[in-house]
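Worksheet: the structure to be examined is printed underneath.
There are 2 protein chains.
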Amino acid sequence: MARIVVDVMPKAEILDPQGQAIVGALGRLGFPGVSDVRQGKRFELEVEGDLSDEQLQQIAADVLANTVIEDFTVTRVNA
Amino acid sequence: MARIVVDVMPKAEILDPQGQAIVGALGRLGFPGVSDVRQGKRFELEVEGDLSDEQLQQIAADVLANTVIEDFTVTRVNA
Numbered sequence: 002m003a004r005i006v007v008d009v010m011p012k013a014e015i016l017d018p019q020g021q022a023i024v025g026a027l028g029r030l031g032f033p034g035v036s037d038v039r040q041g042k043r044f045e046l047e048v049e050g051d052l053s054d055e056q057l058q059q060i061a062a063d064v065l066a067n068t069v070i071e072d073f074t075v076t077r078v079n080a
Numbered sequence: 002m003a004r005i006v007v008d009v010m011p012k013a014e015i016l017d018p019q020g021q022a023i024v025g026a027l028g029r030l031g032f033p034g035v036s037d038v039r040q041g042k043r044f045e046l047e048v049e050g051d052l053s054d055e056q057l058q059q060i061a062a063d064v065l066a067n068t069v070i071e072d073f074t075v076t077r078v079n080a
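Quick note, the sequences are listed as chains A and B, same order. Using the numbering used here, you'd call the opening residue of the first sequence number 2 and step up by one each time. Using the numbering used here, you'd call the opening residue of the second sequence number 2 and step up by one each time.
Now the structure itself:
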């Protein structure tokens, strides 16, 4: 049993209105020092047996991320 | 300028229908070995000046996470 973490974030050139809304909210709440926020997704997968790095990349690119607008990173976590 | 990462995940006892939908989709796509998926959120904050750990915990707990149903972790990333 292995744990895999896939982080999916909007590409740098893609506007992130959710993140900008958080920046605005933090400013009003007294945290003006936060100059930028990007919001993405985090997936934690429990895998039985073993999947190759290529299979994990395929899962992330085809199912978890929209690679037109998002970048992803795949990390194996020692359980 | 510091980068802070806040990971927000549904608590273990909270059902995660998005994650279960992904498990089903992966099974149909030929990855039956993925037995569980949890979907959460990842926030990347750019901070000017310095915020204390207490302030970061407050931002995560009050703004980024819903602590009734979600757990969060705050990580300082060396830029």
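Note that CB positions come from ideal geometry on N, CA and C, so glycine has one too. Given the structure is predicted, the values throughout are model-derived calculations rather than measurements.
Item, Value
"Cβ neighbours of Val78/A in the same chain (closer than 6 Å, five flanking residues each side left out)", "Arg4, Val6"
"Terminal residues of the beta strand (DSSP E) in which Ala46/B lies", "Reading off the sequence shown, one finds Leu at residue 46/B, where the question assumed Ala. Residues 35-48."
"Residues bridged to Ala3/A [DSSP beta-bridge criterion]", "Val48/A"
"Coil, strand or helix - Val69/B by DSSP", "coil"
"Interface positions of the stretch 30-49 of chain B facing chain A (Cβ-Cβ less than 8 Å), listed along the chain", "Leu30, Phe32, Gly34, Val35, Ser36, Asp37, Val38, Arg39, Gln40, Gly41, Lys42, Arg43, Phe44, Glu45, Leu46, Glu47, Val48, Glu49"
"Close Cβ partners of Val35/B (< 7 Å) along its chain, the five nearest in sequence each way excluded", "Val24, Leu27"
"8 Å Cβ cutoff, Leu16/A in contact with chain B", "no"
"Presumed contact (8 Å Cβ cut-off) between Val64/A and Leu30/B, rounded CB distance", "7 Å"
"Below-8 Å beta-carbon distance, Asp8/A vs any chain B residue", "yes"
"Neighbour flag for Val64/A against chain B, beta carbons, 8 Å", "yes"
"Nearest to Lys12/B (by Cα), restricted to the options Lys42/B, Asp51/B, Ala22/B", "Lys42/B"
"Bounding residues of the alpha helix (DSSP H) (the contiguous stretch that carries Ile15/A)", "Where Ile15/A is concerned, there is no enclosing alpha helix (DSSP H), given that its DSSP letter is neither H nor E."
"Ile60/A, buried or exposed, once every other Cβ within 10 Å from all chains shown has been counted against 16", "buried"
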